[in-house]
Amino acid sequence: MNALGPSLAPYIRSSRTLKKWVTPVAQWYANLMGYRQMGLKYDDLQQEELPEVQRALGRLSQREYYDRSYRMKFAAHQSVLHKPLPKEQWLSAKDDARYLKPHIEDVLKEESERAAWDTMGVQRR
Amino acid sequence: MLATRASTAKRLARSFATVVDTKASGVKVAAVDYGQPTTAVTVLVKAGSRYQPSPGVAHVLKNFAFKSTAKRSTLGTVRESELYGGVLSASLSREYLALTTEFLRGDEPFFTSLLASILATTKFLPHEYSEYVLPVVRDESTHASRVPSTLAIEAAHSVAFRTGLGAPLLADAHSHVSLDSVKEFATSAFASGNVAVVGTGIDSARLADLVDKALAETPLPSGSSMPSSSSKYFGGSARINLPMGGQTVFVGFGTTAPSAALSVLATHLAPPSALKWPSVPRSSTKLTPVYLPYSDAALAGILVQAPDVKSVKDAAKTLFEKLKKPLTAEELKTAVARTKFDAAASAETREGLTLALGKKVFFNADTSVESTLTALDKVDDATISKTVSELLKATPTYVAIGDIATLPYVDEIML
Chain A
136 MNALGPSLAP YIRSSRTLKK WVTPVAQWYA NLMGYRQMGL KYDDLQQEEL PEVQRALGRL
196 SQREYYDRSY RMKFAAHQSV LHKPLPKEQW LSAKDDARYL KPHIEDVLKE ESERAAWDTM
256 GVQRR
Chain B
1309 MLATRASTAK RLARSFATVV DTKASGVKVA AVDYGQPTTA VTVLVKAGSR YQPSPGVAHV
1369 LKNFAFKSTA KRSTLGTVRE SELYGGVLSA SLSREYLALT TEFLRGDEPF FTSLLASILA
1429 TTKFLPHEYS EYVLPVVRDE STHASRVPST LAIEAAHSVA FRTGLGAPLL ADAHSHVSLD
1489 SVKEFATSAF ASGNVAVVGT GIDSARLADL VDKALAETPL PSGSSMPSSS SKYFGGSARI
1549 NLPMGGQTVF VGFGTTAPSA ALSVLATHLA PPSALKWPSV PRSSTKLTPV YLPYSDAALA
1609 GILVQAPDVK SVKDAAKTLF EKLKKPLTAE ELKTAVARTK FDAAASAETR EGLTLALGKK
1669 VFFNADTSVE STLTALDKVD DATISKTVSE LLKATPTYVA IGDIATLPYV DEIML
């Protein structure tokens, strides 16, 4: 399993009926998780300890990196207070963008390419 | 496969370089084939430090060579060339950026298409810039800033020509070069009018075909030459404090008319040792003749290096006395012979050959060894004394590096 974990999303998105049924459930579940109430985005929850995620974090633009730290600091403060943010400050679903996922995907693609080159068999023509 | 290669390598007949215009892409191609067992294809681009819009951009662009393209990733480029046993390298001079691939005969289709994709489709990814390119750029600059001779030549160029050829070759270790400026420079430089493909160990018609084929897949924008003003010589002096590395002084002159007499003069003033291991111990003062010809200017001079200030000062004074004294017939003969040998030997190396062909392609200049040697043969007493009197009228270029509190000023040695 890689840093992003298993996902059924591509399969569900490929079918229109399935997408129509699952999307409201997914939104409900995302809200239930509670990170939006703390002002965080989903990608703030990625496992920072993994080397792939560390490399991906290094590829964020300065602005993205600053915003991420700002959200973390806010959430840590709310955690100390033992309560979520006031409702008007919750992160809306449309702001919950996957800002880190493309970078992690790039890193994973590079790793798998390296593995492919490392284990390649050469045939003489 | 090896057998077929050996038979193609048998063509020992010397073929002279001919410049061929490719039909479709508009890129000029030149090649020589002396029957070498390996082939090298170099892409010369008019993207040296002379044409850069801001300091360090050309240096960063050089280090972006062989990074991710639309076709393959950085790793893919390296691993695939390793499979062919090829060597990839990039080098930067004040006028040209050279991307070189060296490989066995028979692999030229892969390497020409690799070079074409590098020119046309390099992605300039932000993370590659910070992860791979910038660390190397910083290392190279930091290293260069500690080598007195490199520093002296850099400072001499900036003093002598100020802008254009005087622009710094390397990026400053602490200044920031933005990725956008590098991208912009690359798009303007990698246009078909600025690019020449030079090959050694390959037939020029075949190379032209391959280049056409490769550029048909990934076309270059058609464009004319880079904006650059013609060089002008100013001269002056620069003093740089450097605590370690001994004392270094560069004394020289620049000119906008490169001539054979100037190179002879540089060799005469600081004759390189003819013996590799002389019987008498070498003196600690090291004199190096410098003659750097460019398309519209040249910088000639002597680099004096010694552990202490006094010997540098004495050596520099002796140089000027030697410059003012007319040459004896024997001295002239020795200097001309040595310069001729150096010129001929440089045409033997791959780099020398590539540069000579590049000049031929871009400026239509006659750069054969024969013509250089004839020009050197024509140097006589009269031309030397004329050159010397012209030089002494101009402001010298003087660079002192080391302990600047005690190193001499230019008027102290030019008595």
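Top line first, the protein sequences correspond to chains A and B. Those letters in the first sequence? Residues 136 to 260, by this note's numbering. Those letters in the second sequence? Residues 1309 to 1723, by this note's numbering. Built from N, CA and C at the ideal position, the CB exists for glycine as well.
Burial state of residue i, where buried means 16 or more other Cβ atoms lie within 10 Å
i, result
"B/Ala1674", "Sequence inspection shows Asp at residue 1674 of chain B; the Ala mentioned does not correspond to that position. Result: exposed."
"B/Lys1354", "buried"
"B/Lys1621", "buried"
"B/Phe1671", "exposed"
"B/Gln1360", "buried"
"A/Asp178", "buried"
"B/Asp1488", "exposed"
"B/Asp1685", "exposed"
"B/Val1687", "buried"
"A/His217", "exposed"
"B/Ala1464", "buried"
"A/Gln197", "exposed"
"B/Met1552", "exposed"
Test: residue i CB closer than 7 Å to a CB of chain B
i, result
"A/Trp163", "no"
"A/Arg194", "yes"
"A/Trp156", "no"
"A/Arg249", "yes"
"A/Trp225", "no"
C-beta neighbour in chain A for residue i, strict 7 Å
i, result
"B/Leu1383", "yes"
"B/Arg1387", "yes"
"B/His1435", "yes"
"B/Ile1712", "no"
"B/Thr1705", "no"
"B/Leu1310", "Per-residue confidence for B/Leu1310 stands at a pLDDT of 46, beneath the threshold of 50, marking its modelled position as unreliable; no derived number is given."
"B/Thr1316", "Residue placement at B/Thr1316 is poorly supported in this model, since its pLDDT is 38, which falls under 50; the coordinates are not used for a value here."
"B/Thr1657", "no"
Cβ separation of residue i and residue j, assumed to be a contact under 8 Å, to the nearest whole Å
i, j, result
"B/Leu1405", "B/Ala1366", "7 Å"
"B/Ser1449", "B/Ala1479", "6 Å"
"B/Thr1377", "B/Thr1430", "5 Å"
"B/Glu1403", "B/Ser1603", "6 Å"
"B/Ser1530", "B/Ala1499", "6 Å"
"A/Leu235", "A/Gln181", "6 Å"
"B/Leu1550", "B/Ile1709", "5 Å"
Neighbouring residues, chain C, relative to residue i (Cβ below 8 Å)
i, result
"A/Val257", "In the structure shown, chain C cannot be found, because the protein chains are A and B."
Secondary structure, beta strand (DSSP E): runs of 3+ residues fully inside the segment 1634-1658 of chain B: none
Continuous alpha helix (DSSP H) assignments of at least 4 residues falling wholly in the segment 1558-1645 of chain B: 1568-1577 and 1617-1632
Near-chain B residues of the segment 202-217 of chain A (beta-carbon distance less than 8 Å), N- to C-terminal order: none
Those runs of the beta strand (DSSP E) which lie wholly inside the segment 1455-1531 of chain B and span at least 3 residues: 1503-1508
Short-range partners of chain A found in the segment 1389-1413 of chain B, where Cβ spacing is below 8 Å: Leu1391
Length-filtered (4 minimum) alpha helix (DSSP H) runs lying within the segment 137-167 of chain A: Counting whole runs of 4 or more residues, the segment 137-167 of chain A contains the alpha helix (DSSP H) stretches 144-149.
Every unbroken alpha helix (DSSP H) within the segment 154-235 of chain A, with a cutoff of 4 residues, ordered by chain: 186-193 and 197-216
Ordered list of beta strand (DSSP E) runs contained in the segment 1358-1421 of chain B, each at least 3 residues: For the segment 1358-1421 of chain B, the full-length beta strand (DSSP E) segments reaching 3 residues or more read 1395-1400 and 1405-1412 along the chain.
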